[in-house]
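The letter at position 198 of the sequence shown is residue 236 when you use my numbering, and the numbering goes up by one with no holes.
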Amino acid sequence: MMNYHNKNIMHIKNVTLRVRDIEKMLDFYANVIGMKILEQTANYYSLGTESGRILVKMVVDEKAEKAARTTGLFHFALLLPSRHDLGVFLNYLIAIDYPLAGASDHDVSEALYLVDPEGNGIEVYADLPNEKWKYTRDGIYMTTVAIDHVSLLEEIGDYEKIPDDTVMGHLHLRVNSINRANALFVEILGFQKSLDYGPSASFVSDGKYHHHLAYNTWNGTANPDLEDHQPGLIAYEINLPIDRKNDLVESLDKFKIVYTKETDGVRLKDINGVEITLSYL
């Protein structure tokens, strides 16, 4: 797993959500997902693993009102260390009677889908061994078929907290333009194309992972961006290998991208107006 999520690979480290009802959200992320509160102030929380890896940050806005449809988050995906961990988590969800939004075998991974109390999509998944991944001339082969829930439920254990080796496996965005997304994430930031899923979705990665980032136009191509006082994804952090720092800055300058250079990384906005931090410390 860490072959694709380490300091030498570009990957998503964490996401930041604007939330309205912090009590409901903390209850869900602590008692359903099993995260630990790592930092807390009056209107900011960070949550993650017992060992201190931050996975989700929350900024509280009690006046936030959900919009019907915007660009932004499709889902963020928590990568568990093993299929055993995924099975234990599934058994736990059944035991506490928490509903699934879906469950799929993607031929590179097996995934469970949930929705948090404020409508944010979450995937919890485990990768298949990479020697089982398949490729075509178009890229990595990924599909969506029914998960083998029978054998998954045979993975027995006590689920008390999210495993320490859990990482943010990938991030999937809603966008209005695949071409504009490719221009930013591939041409400018340096991800490599893994797969085009028809004209309406693309999957990109670093280090030959199946995908660290995906984006789709399945909700159409004329949706408004998230506004102030609307709950949802407002930021995410990408690990940038330090030896690519100068190349990134040159690329941003070449394409005239507005950014802020700081001691620990570079900050800019994605095509949805969501803040990206590319951190190299």
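We treat Cβ as the ideally placed atom computed from N, Cα and C, and that holds for glycine.
Rounded C-alpha distance that separates residue i from residue j
i: residue 99; j: residue 172; result: 44 Å
i: residue 142; j: residue 195; result: 21 Å
i: residue 285; j: residue 300; result: 16 Å
i: residue 250; j: residue 40; result: 13 Å
i: residue 312; j: residue 145; result: 31 Å
i: residue 72; j: residue 63; result: 12 Å
i: residue 106; j: residue 238; result: 21 Å
i: residue 263; j: residue 314; result: 15 Å
i: residue 178; j: residue 234; result: 9 Å
i: residue 154; j: residue 69; result: 12 Å
i: residue 269; j: residue 256; result: 20 Å
i: residue 77; j: residue 160; result: 21 Å
i: residue 86; j: residue 305; result: 22 Å
i: residue 288; j: residue 294; result: 10 Å
i: residue 166; j: residue 82; result: 35 Å
i: residue 136; j: residue 267; result: 28 Å
i: residue 80; j: residue 186; result: 44 Å
i: residue 281; j: residue 218; result: 26 Å
i: residue 174; j: residue 56; result: 39 Å
i: residue 271; j: residue 259; result: 18 Å
i: residue 309; j: residue 222; result: 8 Å
i: residue 162; j: residue 201; result: 12 Å
i: residue 130; j: residue 297; result: 43 Å
i: residue 84; j: residue 247; result: 27 Å
i: residue 307; j: residue 275; result: 11 Å
i: residue 132; j: residue 138; result: 9 Å
i: residue 90; j: residue 43; result: 16 Å
Residue of the options minimising C-alpha distance to residue i
i: residue 113; options: 286, 129, 80 and 150; result: 150
i: residue 188; options: 81, 73, 92 and 128; result: 128
i: residue 168; options: 120, 77, 50 and 105; result: 120
i: residue 176; options: 230, 221, 133 and 197; result: 230
i: residue 66; options: 303, 152, 43 and 92; result: 152
i: residue 182; options: 156, 213 and 147; result: 147
i: residue 74; options: 260, 308 and 198; result: 198
i: residue 97; options: 193, 42 and 61; result: 61
Any non-hydrogen atom of the ligand ATP within 7 Å of residue i CB
i: residue 171; result: Ligands in the displayed structure: none, and consequently the ligand ATP is not present.
Rounded distance between the beta-carbons of residue j and residue i, thought under 8 Å
i: residue 273; j: residue 54; result: 4 Å
i: residue 277; j: residue 45; result: 6 Å
i: residue 253; j: residue 216; result: 7 Å
i: residue 211; j: residue 93; result: Actually they do not touch by this definition, with Cβ atoms about 17 Å apart.
i: residue 164; j: residue 123; result: 6 Å
8 Å Cβ cutoff met for residue i and residue j
i: residue 117; j: residue 204; result: yes
i: residue 52; j: residue 180; result: no
i: residue 191; j: residue 125; result: yes
i: residue 242; j: residue 224; result: yes
i: residue 47; j: residue 245; result: yes
i: residue 101; j: residue 157; result: no
i: residue 303; j: residue 290; result: no
i: residue 115; j: residue 208; result: yes
i: residue 261; j: residue 240; result: no
Residue-level contact to chain D via CB, residue i, 8 Å cutoff
i: residue 81; result: Absent from the structure is chain D; it holds one protein chain and no more.
TODO: Can you check the segment 235-317 for any beta strand (DSSP E) of at least 3 residues that lies completely inside it and give the ranges in chain order?
DONE: 239-243, 251-254, 270-277, 297-300, 303-307 and 313-317
Exercise for review: Mind listing, in chain order, the continuous beta strand (DSSP E) runs of no fewer than 3 residues lying wholly within the segment 86-151?
Suggested key: 92-98, 110-117 and 140-143
At which residue ranges does the segment 183-214 contain complete beta strand (DSSP E) runs of 3 or more residues, listed in the order of the chain? 205-212
> Going along the chain, which unbroken runs of the beta strand (DSSP E) with 3 or more residues stay wholly within the segment 55-87?
Replying inline: 74-78 and 82-86
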